[in-house]
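The listed protein sequences derive, respectively, from chains A and B.
The opening position of the first sequence corresponds to residue 7 in the numbering used here, with each subsequent residue numbered one higher.
The opening position of the second sequence corresponds to residue 1401 in the numbering used here, with each subsequent residue numbered one higher.
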Amino acid sequence: MSNVIELQGISKIYKTGYEDIIALKDIDLTIRNGEFVAIMGASGSGKSTLMHILGLLDKPSSGKYILDHKDVSRLSASNQAVIRNQQIGFVFQQFNLLPRTSVLNNVLLPTIYGKTRDNLARATQIIEEVGLSDRIKHKSNQLSGGQIQRVAIARALIMEPAVILADEPTGNLDSKRSQEIMELFRKINKKGKTIILITHEESVAHYADRIIRLRDGEIILPEELSA
Amino acid sequence: MKFLIVFKQSLQAIFANKGRSFLTTLGIIIGIGSVIALISLGAGVKVSISDQISTLGTNNITIMPGAGFNQGASDSDGSMGGHPGGGSGFNQASSTLTVKDLKSLSNKSQYPQIKQVSGQISGSSIFKTPSGDRRYNILGTSESYMHIQNLSLSQGTFYKQTDIDNMARVVVLGSQLASDLYGNKDPLGEPLRIEGTSYRIIGVLTRAEESSFNNPNNQAYVPYSAAAESFKSQNFNSITVQAENEEVVAEVKKEIKKALLANHKISDEKLADFNISSSADLLSAVSSITNMLTSLLAGIAAISLMVGGIGIMNIMLVSVTERTREIGLRKAVGAKTIDILAQFIIEAVMLTMIGGVMGIGLGYLIGKIAEPMIGFTPIVTGNSVALAVGVSSFIGLLFGVYPAAKASRLNPIDALRYE
Chain A
7 MSNVIELQGI SKIYKTGYED IIALKDIDLT IRNGEFVAIM GASGSGKSTL
57 MHILGLLDKP SSGKYILDHK DVSRLSASNQ AVIRNQQIGF VFQQFNLLPR
107 TSVLNNVLLP TIYGKTRDNL ARATQIIEEV GLSDRIKHKS NQLSGGQIQR
157 VAIARALIME PAVILADEPT GNLDSKRSQE IMELFRKINK KGKTIILITH
207 EESVAHYADR IIRLRDGEII LPEELSA
Chain B
1401 MKFLIVFKQS LQAIFANKGR SFLTTLGIII GIGSVIALIS LGAGVKVSIS
1451 DQISTLGTNN ITIMPGAGFN QGASDSDGSM GGHPGGGSGF NQASSTLTVK
1501 DLKSLSNKSQ YPQIKQVSGQ ISGSSIFKTP SGDRRYNILG TSESYMHIQN
1551 LSLSQGTFYK QTDIDNMARV VVLGSQLASD LYGNKDPLGE PLRIEGTSYR
1601 IIGVLTRAEE SSFNNPNNQA YVPYSAAAES FKSQNFNSIT VQAENEEVVA
1651 EVKKEIKKAL LANHKISDEK LADFNISSSA DLLSAVSSIT NMLTSLLAGI
1701 AAISLMVGGI GIMNIMLVSV TERTREIGLR KAVGAKTIDI LAQFIIEAVM
1751 LTMIGGVMGI GLGYLIGKIA EPMIGFTPIV TGNSVALAVG VSSFIGLLFG
1801 VYPAAKASRL NPIDALRYE
């Protein structure tokens, strides 16, 4: 299987007035196509910084990032936006949806910024896959927390990206809803989609095939968890 | 980026906060409304005045005795010793327009572009009426005056050139005067004593439209030769020349000037003792004044547009802050800086355009409400509507750029984390 993500010697240093804060230290990481990977760590471990770099929301201070066989470490902001649009599907912990906007239009949001065809048909199909066909016309403020995350997942899938990047997707949900959302991720992964999950909860991380643990900006213990 | 979707989104954003959007655009609505109202009132005044001037006849040229407006300054320099004509009534004393002038302008073969000419001697005289002596206006002229002024007879005939040559004591009455003096009685053939001389009534005019400049219905018309004797003045108060059509008016004016200068033996046209003007001259003078006043008032109203624009900018800044996380989300799913910039500018422009359209409605309404009070019809022109829409969109653009730029520069990570 080919590698969808390769990080080589990625570091991120924040320069403040007095001292430089090293958020990530020389990270090497390879994620293969179709993998379900969890990135774990306490707050301050650098997992958010890593997620921002993986999601092209931020640039590394040094090192090389190869996404889908292309070096994306030194792209301009507008080229980063294109890659985010085409190659990465985001699921955030909160504020995932546009307020007062229908499920369908939320799912279609990324298509405004990229060239795709048959958006409506694809959106309808994906909304069905996440189990929200009966809510397609509902406004985002009429949905429960679990439903909101389902819409976010559908939106992450609409552009058929190389990677789904989920940042604490169950952080605001109770354990039953969390379980449902994780099952949905599993299902999507089984269909071949690469998923990277950022979490601090062991129970959530165990849905992944592989857990990468971060501490003080370094990967500490890669372990295989073939479920 | 798909503009149709962006337009739809902007509309949704505007209508999601209906109350706030309305209050925001209120400044624009009032600004555009007052600009439209003032421009349409101005246009209405202009048309109303032009209509009045047109009743004078657009082909007509009036020759008056005395110096032209542009010669006033040199006049006051030169004649410190008081007016030469002084005392006994300006018109009669200083008039220089002679029967010779009238005759020479009436020469059809020399001036083919002149349709007809009439000379007028005007004044007022005591009429002996059944209810006592009354003073009425009297106009000494010829039949061509009736044609030039579009007057027509309801009864009898108008006097002819022979009556003028014979100084016949005949009179044609305006419709109002006829009914004032004779009521329902037939005045034709009746004798009428004017200033001690007996005249015979030979005709009555049909009722004609009055204007601010004259009332043809309330005066008596006599041969100018008779009037000249009665007023003891050989010369005309004015000569009216009707050109064949509007296009030749300017040319005819030049011909008249040349002819009269020759008749009066004046070689330097700066010393001309007469003044030639056409309705078009008056019209253009009035137009330029009303245009100036309209733009002055519209300019003042435009200040409120500026204030409205600042209101738009303020609320757009609030909106950007409120929607920071939305902006972060949009950027995360692939919106570029320019996409966010365009989105917020379009939103501001749409907000002001909606305000502009509502303002046009308001301005129209103000004009309609004002109409019965001011006595003329305000005219909303396509130009003023286009101007209003253009100006309001420009204001949206102008005052939307800063908030939009602020929104588009947000870093997606910070924007997503914003609480």
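Backbone N, C-alpha and C fix where the C-beta goes; we use that ideal spot for every residue, glycine too.
- Query: Which residues of chain A have a Cβ atom closer than 8 Å to the Cβ of residue 1720(B), listed in chain order?
  - Reply: What residue 1720(B) touches in chain A: nothing, since even the nearest Cβ is about 15 Å away.
- Just how far apart, CA to CA, sit residue 1712(B) and residue 1434(B)? Rounded to the nearest angstrom, the two C-alpha atoms are 18 Å apart.
- Message: So, with DSSP's three-state summary, where would you put residue 1580(B)?
- Response: helix
- Task: With a threshold of 16 other CB atoms inside 10 Å of the CB of residue 174(A), please say whether the residue is buried or exposed.
- Result: buried
- Item | Burial state of residue 1478(B) (16 or more Cβ within 10 Å) | In this prediction, residue 1478(B) has a pLDDT of 35, which is less than 50 and means its spatial position is unreliable; what the coordinates show is noted afterwards. By the neighbour-count rule (16 or more Cβ atoms within 10 Å), residue 1478(B) is not buried but exposed.
- Message: Between which residues of its own chain and residue 51(A) is the CB-CB distance below 6 Å, once the five residues before and five after are set aside?
- Response: 220, 221.
- Item | Outcome for residue 1510(B) when other beta-carbon atoms lying within 10 angstroms are tallied against a minimum of 16 | exposed
- Message: So for residue 108(A), helix, strand or coil by DSSP?
- Response: The answer is strand: DSSP assigns residue 108(A) an E or B state.
- Query: If you check the beta carbons only, do residue 1690(B) and residue 1442(B) fall under 8 Å apart?
  - Reply: yes
- Are the beta-carbon atoms belonging to residue 1641(B) and residue 1648(B) less than 8 Å from one another? no
- Query: Taking Cβ-Cβ distances shorter than 7 Å, what residues in chain B pair up with residue 120(A)?
  - Reply: 1734
- Item | Unbroken beta strand (DSSP E) run spanning residue 1619(B), endpoints | 1619 to 1623
- Message: I want to verify the contact list: residues of chain A whose CB lies under 8 Å from the CB of residue 1725(B), in sequence order.
- Response: 101
- Proximity below 8 Å, CB of residue 1763(B) to CB of residue 1436(B): yes
- Message: Using 8 Å for Cβ pairs, my map puts residue 96(A) next to residue 1815(B). What's the rounded Cβ distance?
- Response: The Cβ separation is near 13 Å, so there is no contact.
- Per DSSP, residue 1460(B) is paired with what? 1642(B)
- Are there 16 or more other CB atoms within 10 angstroms of the CB of residue 1531(B), so buried, or fewer, so exposed? By the beta-carbon neighbour count (other beta carbons within 10 angstroms, threshold 16), residue 1531(B) is exposed.
- Compare the beta carbon distance of residue 116(A) and residue 57(A) with 8 Å and say whether it is the shorter of the two. Their beta carbons are not under 8 Å apart, which means residue 116(A) does not touch residue 57(A) by this criterion.
- Limits of the alpha helix (DSSP H) - the one that residue 1803(B) falls within: 1782 to 1808
- Mapping DSSP to helix, strand and coil, what is residue 1654(B)? Here residue 1654(B) sits in helix by DSSP.
- Could you work out which residues of chain A lie near residue 1416(B), taking near to mean beta carbons separated by less than 7 Å? 106
- Item | For residue 1698(B) and residue 1526(B), believed in contact at Cβ under 8 Å, the rounded distance | Cβ atoms of residue 1526(B) and residue 1698(B) stay farther apart than 8 Å, at about 52 Å.
- Query: Given that a residue counts as buried once 16 or more other Cβ atoms are within 10 Å of its Cβ, and exposed if not, what is residue 1718(B)?
  - Reply: Under the 10 Å beta carbon count, residue 1718(B) is surrounded by fewer than 16 other beta carbons and is classified as exposed.
- Minimum C-alpha distance to residue 1586(B) - residue among 1603(B), 1633(B), 1772(B), 1608(B): 1603(B)
- With a 10 Å radius around its C-beta and 16 neighbouring C-beta atoms as the bar for buried, classify residue 1736(B) as buried or exposed. buried
- Query: In three-state terms, what does DSSP make of residue 1415(B)?
  - Reply: In the structure shown, residue 1415(B) sits in a helix (DSSP, three-state: H, G or I).
- Output the distance between the C-alpha atoms of residue 168(A) and residue 202(A), rounded to the nearest integer angstrom. Each residue's alpha carbon lies about 11 Å from the other.
- Any C-beta of chain A under 8 Å from that of residue 1816(B): yes
- Contacts around residue 107(A), its chain only, beta-carbon distance under 6 Å, and the 5 residues preceding and following it disregarded: 146
- Contact between the stretch 20 to 39 of chain A and the stretch 183 to 191 of chain A: three or more CB pairs below 8 Å? no
- Message: Just to confirm the assignment, what range does the alpha helix (DSSP H) spanning residue 1750(B) have?
- Response: 1737 to 1774
- Item | Sequence-distant residues of the same chain with beta carbon closer than 6 Å to residue 1678(B), five excluded per side | 1461, 1649
- From the DSSP output, which residues share a beta bridge with residue 148(A)? Paired residue(s): none; residue 148(A) is not in a bridge.
- Hey, how far is the Cα of residue 162(A) from the Cα of residue 143(A)? 19 Å
- Message: Does the CB of residue 124(A) have a neighbour CB from chain B at under 8 Å?
- Response: Chain B contact via Cβ: absent.
- Quick one: what's residue 1537(B) bridged to in DSSP? Answer by DSSP bridge pairing, in chain order: 1524(B), 1619(B).
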